[in-house]
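Written out below as structure tokens is the structure these notes cover.
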Amino acid sequence: RLIMAAAPAAEEASMSRAAEVLGTLLDRMDPGEPADQLAFFRALDGAGPQGVVEISPRVLRTGCPPLLRSLVMEAACYLPWPEWLPVLSRLLRHETDLARFSLGVEALGRMGGAEALAVLQELARIRGAADFQALVVEVLARADPEQAFRHHLSALLEGSANPGAANDAARQ
Numbered sequence: 303r304l305i306m307a308a309a310p311a312a313e314e315a316s317m318s319r320a321a322e323v324l325g326t327l328l329d330r331m332d333p334g335e336p337a338d339q340l341a342f343f344r345a346l347d348g349a350g351p352q353g354v355v356e357i358s359p360r361v362l363r364t365g366c367p368p369l370l371r372s373l374v375m376e377a378a379c380y381l382p383w384p385e386w387l388p389v390l391s392r393l394l395r396h397e398t399d400l401a402r403f404s405l406g407v408e409a410l411g412r413m414g415g416a417e418a419l420a421v422l423q424e425l426a427r428i429r430g431a432a433d434f435q436a437l438v439v440e441v442l443a444r445a446d447p448e449q450a451f452r453h454h455l456s457a458l459l460e461g462s463a464n465p466g467a468a469n470d471a472a473r474q
């Protein structure tokens with residue numbers, strides 16, 4: 303029984319050390335350097351979801367390099383942990399790069415679940431540009447087809463107040 307109790311504690315300590323390694327890497331890495339990118343993904347995988355806690359304050363900072371934001375969006379696609387939800391929600395509200403936005407939305411779609419769908423629905427409401435809307439609606443349709451239908455129906459019904467939104471919904 304002692305061995306069984308010690309295993310989770312050892313694993314937790316290992317994850318904590320891996321999160322420290324990730325933090326050190328983030329302090330010195332060049333997000334555009336392929337070797338650093340590989341080290342980032344390995345360190346994050348080793349740190350597990352605890353690594354998201356290490357990354358969050360850095361990536362949500364105003365001066366965060368765009369390449370680091372891209373790495374984080376890609377990491378969330380490959381490692382779709384629920385801990386990414388608040389990070390992706392904040393990043394995607396203001397993301398101006400369509401490719402980076404697409405990665406983040408795909409990550410939310412891979413996560414699935416009610417919370418990820420809620421973030422996608424919110425993005426569908428607040429991101430007004432047609433190309434951003436189309437990406438969100440496509441992922442919503444794959445993640446929850448019934449919800450995508452309700453989203454389009456509500457946009458159609460909004461037609462008297464916002465004819466542009468109704469026309470977009472009718473096309474989709």
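Counted from 1, the sequence shown has number 317 at position 15 by my numbering; the numbering is strictly sequential.
Quick reminder that beta carbons are idealized off the backbone N, C-alpha and C, glycines included.
Predicted, not measured: the structure shown is a model, and the values here were computed from it.
Q) Which same chain residues, not among the five before or five after residue 413, have their C-beta less than 6 Å away from its C-beta? A) 382
Q. Expressed to the nearest angstrom, what Euclidean distance is found between the alpha-carbon atoms of residue 308 and residue 432?
A. For residue 308, the predicted model reports a pLDDT of 49, less than 50, meaning its position is unreliable; a value from the coordinates is still stated below. Taking the straight line from one Cα to the other gives about 53 Å.
**Q.** Proximity of residue 437 and residue 389 at Cβ, strictly below 9 Å
**A.** no
Q. Taking the continuous alpha helix (DSSP H) assigned at residue 375, which residues delimit it?
A. 368-380
Q. Is the Cβ-Cβ distance between residue 373 and residue 345 less than 9 Å?
A. no
Q: Look at the alpha carbon of residue 422 and the alpha carbon of residue 445, and state the distance between them as a whole number of angstroms.
A: 10 Å
Q. Using the beta-carbon count (16 or more within 10 Å), is residue 429 buried or exposed?
A. buried
Q) If you run the structure through DSSP and keep just helix, strand and coil, what is residue 397? A) coil
Q | Beta-carbon proximity check, residue 403 vs residue 377, cutoff 9 Å | A | The Cβ atoms of residue 403 and residue 377 lie no closer than 9 Å to each other.
Q. With distances taken from CA atoms, which of 435, 357, 364 and 385 is nearest residue 329?
A. 357
**Q.** Coil, strand or helix - residue 388 by DSSP
**A.** Residue 388 sits in a helix when the DSSP states are folded into three classes.
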